Structures are given as structure tokens and as C-alpha cells.
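Per our numbering, the very first residue in the first sequence carries number 11; after that it's consecutive.
What follows is a set of notes on a single structure, which appears directly below.
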Amino acid sequence: MKHHLQQLISTALDTLRASGALDCTAPDSIVIEHTRDKSHGDFACNVAMLLAKSAKRKPRELAELIVGALPESGKVSKVEIAGPGFINFFMSPAAFTTVVGEVLERGEAFGRSTLGNGKRVQVEFVSANPTGPLHVGHGRGAAYGATVADLLAAVGFQVHREYYVNDAGRQMDILGTSVWLRYLDLCGETIPFPVNGYKGDYVWDIAASLHRENGDAFRHPAAAVFQDISPDEPAGGDKEIHIDELIARAKELLGAASYRQVFDLGLNTILADIKQDLEEFGVAYEEWYSERTLVESGKVDEAIKRLQAAGHVYEQEGALWFRSTAFGDEKDRVVVRDNGVKTYFASDIAYHMEKLERGFERVIDVWGADHHGYVPRVKAALTAMGDDPSKLDVLLVQFAILYRGGERVQMSTRSGSFVTLRELRDEVGNDAARFFYVLRKCEQHMDFDLDLAKSQSADNPVYYIQYAHARVCSVMRQLGEKGLSYDQAAGLKHLHLLTESHEQELIQALTRYPEVVEAAALSHEPHQLAHYLRELANGLHTYYNAHQFLVDDSGLRDARLALINAVRQVIHNGLSLLGVSAPESM
RNA sequence: GCGCCCGUAGUUCAGCUGGAUAGAAUAUCGGUCUCCGACACCGAAGGUCACAGGUUCGAAUCCUGUCGGGCGCGCCA
């Protein structure tokens with residue numbers, strides 16, 4: 011509908027310019043808005059006010075010209091000029107009612123479009139280090155990223171969902187070493203566990219399975235493990251040095267092959283858990299991209315060479331630095347440490363370089379907001395290598411704060427007392443979790459009320475929307491029980507009988523759905539869809555309370571049932587994009 | 001100290017990227033089932049859009065400053 015009006019205005023402007031009646035610059039885009047007040051018609055356009063200056067005309071005068079040049083349209087019943095120069099469109103009722111048939115005919119495809127033209131977009135999200143189970147912070151990134159990806163796919167982009175697996179690097183070494191130390195403990199050694207080690211119960215579990223399958227094969231006396239190791243923090247030492255020395259000792263005592271075996275058990279166990287967790291959450295990926303593969307394929311060295319060749323790398327104090335300040339970063343960044351180890355940032359540069367090499371026209375990263383400081387340096391690296399940094403969109407997701415019984419749930423990664431995504435899903439269910447996570451703009455700090463999310467009451471927006479869907483299904487069941495029939499084709503022929511204001515409002519809401527999906531996708535704002543669905547559900551409940559659907563007049567009955575079935579379909583489609591189920595009864 | 005995000009009804013949040021009288025939900029108060037599911041509906045009340053300037057036909061929205069909250073500023077990942 012909006013697109014249709016844009017066409018009309020655009021044609022009118024072309025006509026005026028061609029005839030010389032108007033001399034002005036072309037507008038960047040023609041904005042058609044839904045009016046807030048129905049006395050202003052159904053849609054309004056502000057183009058006359060925007061062009062007034064360059065056309066050197068008064069807005070209202072310009073509006074007159076445009077309206078005079080508008081081509082005929084069967085969908086428009088009246089056009090008015092109002093206020094400072096708004097062009098208000100009143101649509102004919104028939105322009106809206108055709109949507110009912112469209113929804114029923116297209117079914118699950120209604121709302122989908124080819125707007126994206128098959129352009130390849132990569133969406134990378136979650137990408138949590140496989141050093142432990144996902145927690146509720148990752149959950150928001152998962153729900154948000156999955157929904158953004160699904161929305162983009164719905165409007166015609168070819169979407170590649172990807173999880174970057176940090177299976178190389180120091181944190182993973184710390185995990186592997188933690189597993190080994192717990193294993194030694196299970197072997198009967200007395201092990202003072204490092205402050206910087208991973209202390210979660212899952213590390214014990216992995217160590218236990220290592221011990222179960224290998225007996226004492228990896229056992230070394232505690233004395234040998236800790237001989238000449240610098241003291242840990244409680245003993246007055248540096249916890250970072252302490253853990254690094256323990257990692258080196260593990261590699262030395264175990265040898266490369268055994269160390270890798272312990273390391274991989276930890277990695278694979280946790281990664282399998284993460285994959286299962288996400289799958290149960292309705293989050294699927296096209297690819298799990300391994301950092302280790304990236305390193306082993308030589309991509310990291312290649313990226314550093316490219317920076318070097320471009321003259322943006324220098325050596326200082328034994329380390330290799332990338333001059334990111336030349337591209338707007340706050341300070342230069344190390345890519346190779348003085349001990350020869352490449353930094354995480356180095357693989358990140360290589361990873362993003364490689365993403366663009368794969369030919370994606372858009373690359374979207376969903377990051378936790380605590381990583382916002384990394385945006386300038388990654389973009390700087392792309393610029394330095396001669397890539398186009400504007401192809402990369404980094405979407406920052408704020409953390410959610412959980413509330414239970416009105417009290418803030420305390421979480422601390424340090425003490426290991428974080429709430430896992432799995433615990434959240436078990437407590438409130440997948441549907442509520444998916445919905446609540448995307449109910450707010452991603453850059454908004456969010457309060458997640460656990461009690462509300464699990465309450466099966468009107469207060470809970472998930473149940474409210476799902477109930478609207480179930481309610482339509484229930485009416486259709488009643489239809490059969492009462493021995494009445496429903497003829498969809500006849501219903502579509504009698505849509506003109508739907509003259510009640512509730513019916514008109516519902517029909518107009520249906521016409522908005524494709525616009526909402528499009529806007530939500532392009533602006534990466536799933537909350538727009540969530541809010542829309544709530545309004546649509548409200549429209550249905552209101553209608554239900556005001557009118558009887560199963561009336562004796564078969565024409566009217568068919569028309570009403572066609573309408574509510576169309577509403578049911580749109581609720582189903584919308585919830586499905588959000589990863590939420592649409593039950594037939596509750 | 002510097003940088004990024006945020007500040008809208010008692011509370012949680014929208015506000016279609018600068019438009020017409022700032023909207024929902026929730027909480028509070030008052031109504032509605034002999035009726036397709038009351039897991040619902042209707043109504044009332046609730047605001048100096050943090051504050052102060054500026055930009056223009058027009059600002060919650062854009063620019064500057066102040067105040068308040070969150071996060072980030074490693075040869076960690």
C-alpha cells in the first residue's frame with residue numbers, strides 16, 4: 011500500500027518536472043506515513059514540505075500542484091491537503107479488503123518478499139568461547155541474531171548464519187589445563203586449583219569422563235606439576251603468570267599429542283553442549299567457523315602480511331603493531347606479542363578479511379555491548395587492507411538483567427554464579443525466552459522479569475498473542491461442533507459485509523504486516539514485529555468480545571471466518587519469524 | 001580522565017529515522033460472562049519527553065553543554 015502511494019507521488023513529480031511546472035531537486039526518498047488520526051485519512055505524505063525550499067514555493071501551493079498531477083488510482087478515494095502542507099490520502103475500503111484473500115492464498119509466504127534480491131548477507135552471532143555453557147547474556151544475542159537473520163531471509167536476502175568458534179588461543183589453553191588439573195585431583199593428587207582456572211562443575215564432569223576413559227594415563231605427580239611454578243595470587247604472585255606457567259607445564263609433561271587429547275575433550279564436550287543448547291532454542295547455523303582452521307590455513311599470517319605490505323605495521327619493543335590510529339582508532343594495537351604469539355585481534359582481522367573474501371555483500375556481527383571498543387579497530391584493519399568497512403555492521407546487544415520476585419538476580423562470572431541459558435529456558439520456556447529477548451531494542455538495557463515470562467496470564471505478552479491464535483482455532487473447532495460450515499471462497503466474496511469498525515481496523519492491521527516485516531528486517535529491529543503482533547492480537551480479542559462470528563447468515567459468517575483465519579495466519583507467520591510457537595490450543 | 005550506549009506515565013517500554021493532540025503494557029480505581037475459551041473486553045486516572053541553550057515552518061527525535069545510569073579503555077580472549 012505504501013509502495014503504491016510512493017509510486018503515485020513519484021509519477022506526479024516526474025510529470026511536473028517534465029512539463030517544467032516544477033523545478034526542484036528530486037527527494038532522496040518519498041516517505042509515506044500511517045496517520046495517527048483518522049480524520050487525516052489513512053496515509054500522509056510530507057514531500058511538499060520537504061521540497062518547498064528547493065522548489066522555492068510555499069508547501070501548500072506545492073502540494074496543490076502535486077495533487078493535481080497525481081495519476082488515477084482505484085485504491086484512493088480522496089486526497090486532501092492539510093496542516094502546513096501534508097498530502098493526506100483516504101483509501102477506498104476495497105483497497106484494504108483484498109488483503110484477506112491475499113493472506114489466505116499465500117499462507118506462510120504472506121509477508122515474505124524479494125526485496126533483498128538474493129544478496130548474500132552473513133550474520134555472525136553468539137560466538138561465545140567454548141570454555142563453558144552459554145549464559146543468559148549469550149541468550150539475548152542468540153535470540154536477537156537468529157531473528158535478525160530470519161527477518162532478512164524473509165525479505166529475500168540469502169542469509170549465512172555463522173558461529174565463530176574460538177577453539178584456539180589462551181582461554182582454551184586455560185580450559186584444557188583446568189580439565190587436566192581436575193583430572194589429577196580425581197587421580198588422587200593434591201592440587202591447589204589456580205585462581206584463574208575455570209571452576210565450574212562442568213570442568214569436573216569433563217575431568218571425570220577423561221579419567222573414566224583413560225585411567226591414570228595422563229597422571230603426573232603434583233610435585234612435578236608445580237615444581238618451580240611462580241606463586242598464584244593468594245600466595246602473593248601474579249595469577250596470569252601462574253596460569254601461563256601451568257599451561258606450559260601441562261604441554262611439557264603431557265607432550266603434544268596427549269595435551270591435544272585433553273584439550274580437545276574439553277573443547278568438544280562444551281561445543282557439543284552449546285550446539286545442543288542453541289538447537290533446542292530454535293537457533294540454527296549454516297556454519298561453525300573454527301578459529302584453529304583459520305590459523306592453520308595461514309589466513310592470519312596472510313592478513314598480517316597484507317597490513318605490512320600496505321605499510322601499516324611497525325615493530326616496537328619486540329612486538330608487532332598495527333597503526334590503527336591512522337584510521338581513527340584511539341591507540342595502536344599489537345598483532346604479534348613479543349613472545350611470538352599472535353593476539354586474538356590478529357585472528358579477528360584475518361576472520362573479517364576472510365568474510366569479505368567469501369563474497370558477502372553485507373557482513374553483520376552481533377556482539378555484546380561490552381565489546382563496543384573493538385568496532386573501530388576491526389573497521390580500521392579492513393580499511394587498512396583496502397577493504398570496504400561499510401560492508402560491516404556491528405550490532406551491539408546490551409545485557410539483560412534478570413528479576414525474580416521483584417529482586418535483581420545477582421550474577422557474576424568470576425564466582426561462577428551466572429545463570430545459564432539452559433536454566434532460563436527450563437524456567438520460563440523457549441517461547442517466552444525468545445519473545446522477551448527481542449521485545450526490546452537491542453541497544454536498550456533490558457529488565458527481564460522471570461515471573462512475568464513464566465506466568466500463564468494476560469500480563470504475559472507471549473501468552474496474549476498465542477491465545478489469540480488458539481482462540482481462532484477454537485472458534486473453528488466450535489464451528490464443527492455446531493454443525494456449521496465454512497466456505498472460504500464464499501467468505502472472500504462477502505468481504506464487503508465487514509463494515510464494523512473492529513473489522514476495518516483488523517483488515518488495515520493485516521495490510522501493515524509486510525511493511526512491518528520489511529522495516530524490522532532492514533533496520534535490524536525485531537521488536538517492531540513483536541509489538542505489531544501484540545497489537546494484532548489485541549485487535550482480534552477486541553473483535554471477539556464485540557461480535558459473534560458463528561452467526562446464522564452464512565455470507566457474513568464466511569466473511570468473518572475468512573478474516574479471523576487471515577489474522578491467525580499472520581500471527582502464525584509473525585511468531586514463526588520470532589522463533590515462537592503458535593499453538594492451536596493452550 | 002577519554003570514548004560508546006541510555007535517560008519518555010508509579011514501573012517496564014514504544015514512538016515508523018524531523019511531522020499534526022507523545023502512545024501501549026503493567027500497577028491503581030470502576031465496569032462486562034445464560035453468549036464462539038474471562039488466558040478476554042470496556043472505561044477512568046496517570047507526562048515540564050533528565051536539565052539548559054541552539055538549528056527551522058515544526059524537535060522526544062539533529063547540534064552543543066550540564067546532570068544521572070551502564071559499559072569499555074591490556075603485548076586477555
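Virtual Cβ for every residue (Gly too), placed ideally from N, Cα, C.
Note that the structure is a prediction, hence the values are computed from the model and not measured.
Identity of the residue in the options nearest residue i by Cα
i	options	result
residue 143	551, 434, 564, 67	434
residue 447	516, 319, 535	535
residue 563	497, 544, 542	497
residue 116	401, 247, 594, 580	580
residue 39	26, 400, 15, 51	15
residue 393	320, 420, 431	320
residue 391	380, 443, 318, 68	318
residue 147	474, 105, 429	429
residue 91	71, 81, 85, 108	71
residue 112	48, 520, 472, 568	520
residue 592	353, 474, 530, 414	474
residue 522	79, 539, 533	539
residue 85	25, 17, 29, 73	17
residue 123	573, 95, 167	167
residue 409	378, 248, 60	378
residue 365	297, 345, 533, 328	297
residue 350	340, 326, 371	326
residue 73	63, 59, 66, 81	59
residue 337	395, 348, 367	395
residue 552	577, 531, 533	577
residue 388	460, 370, 431, 332	332
residue 197	185, 179, 220, 181	220
Cβ-based burial, residue i [other Cβ within 10 Å; buried from 16]
i	result
residue 183	buried
residue 128	exposed
residue 301	buried
residue 132	buried
residue 510	exposed
residue 622	Coverage of the chain is limited to positions 11 through 596, which leaves residue 622 absent and any answer about it impossible.
residue 193	buried
residue 13	exposed
residue 424	With a pLDDT of only 47 at residue 424, under 50, the local geometry of the prediction cannot be trusted, and the value read off the model is given with reservation. Exposed, because fewer than 16 other Cβ atoms sit within 10 Å of the Cβ of residue 424.
residue 22	buried
residue 89	buried
residue 596	exposed
Terminal residues of the alpha helix (DSSP H) in which residue i lies
i	result
residue 239	Per DSSP, residue 239 belongs to no alpha helix (DSSP H) and is neither H nor E.
residue 537	536-556
residue 485	471-491
residue 229	Taken as a continuous stretch (DSSP letters only), residue 229 belongs to no alpha helix (DSSP H), as it is neither H nor E.
residue 111	103-116
residue 77	69-79
residue 269	249-290
residue 54	Not the alpha helix (DSSP H): residue 54 falls in the beta strand (DSSP E), residues 53-55.
residue 508	Here residue 508 belongs to no alpha helix (DSSP H), and DSSP marks it neither H nor E.
residue 447	440-447
residue 139	Per DSSP, residue 139 belongs to no alpha helix (DSSP H) and is neither H nor E.
residue 386	385-394
residue 184	180-197
residue 203	Segment: none, residue 203 is in no alpha helix (DSSP H) and carries neither H nor E.
Span of the beta strand (DSSP E), counted from its first residue to its last, around residue i
i	result
residue 457	456-459
residue 131	130-134
residue 378	372-378
residue 44	42-44
Residues bridged to residue i (per DSSP)
i	result
residue 83	In the DSSP output, where bridge partners are listed per residue, residue 83 has none listed.
residue 412	458
residue 403	374
residue 463	Looking at the DSSP assignment, residue 463 forms no beta bridge with any residue, so it has no partner.
residue 98	54, 90
residue 170	132
residue 329	326
residue 343	332
residue 175	300
Under 8 angstroms: do the region 159-175 and the region 449-460 share three or more Cβ pairs, one atom per stretch?
no
Is the region 212-231 touching the region 163-183, taking contact as three or more C-beta pairs under 8 angstroms?
-> Contact fails: fewer than three Cβ-Cβ distances are below 8 angstroms.
- Is there contact between the region 452-470 and the region 393-404, where contact requires at least three CB pairs shorter than 8 angstroms? no
Within the chosen definition, does the region 260-267 reach the region 195-207 through at least 3 CB pairs nearer than 8 angstroms? Because the criterion of three Cβ pairs below 8 angstroms is not met, the region 260-267 and the region 195-207 do not touch.
For the region 350-369 and the region 310-318, state whether three or more C-beta atom pairs, one from each stretch, are separated by less than 8 angstroms.
Short answer: they touch.
Quick one: any contact between the region 556-573 and the region 485-504, if contact means 3 or more CB pairs under 8 angstroms? yes
Hey, is the region 572-591 in contact with the region 478-496, meaning 3+ C-beta pairs nearer than 8 angstroms?
yes
Closer than 8 angstroms is the cut-off here; do at least three beta carbon pairs connect the region 94-109 with the region 50-68?
As far as the Cβ criterion goes, the region 94-109 touches the region 50-68, which means the pair count is three or higher.
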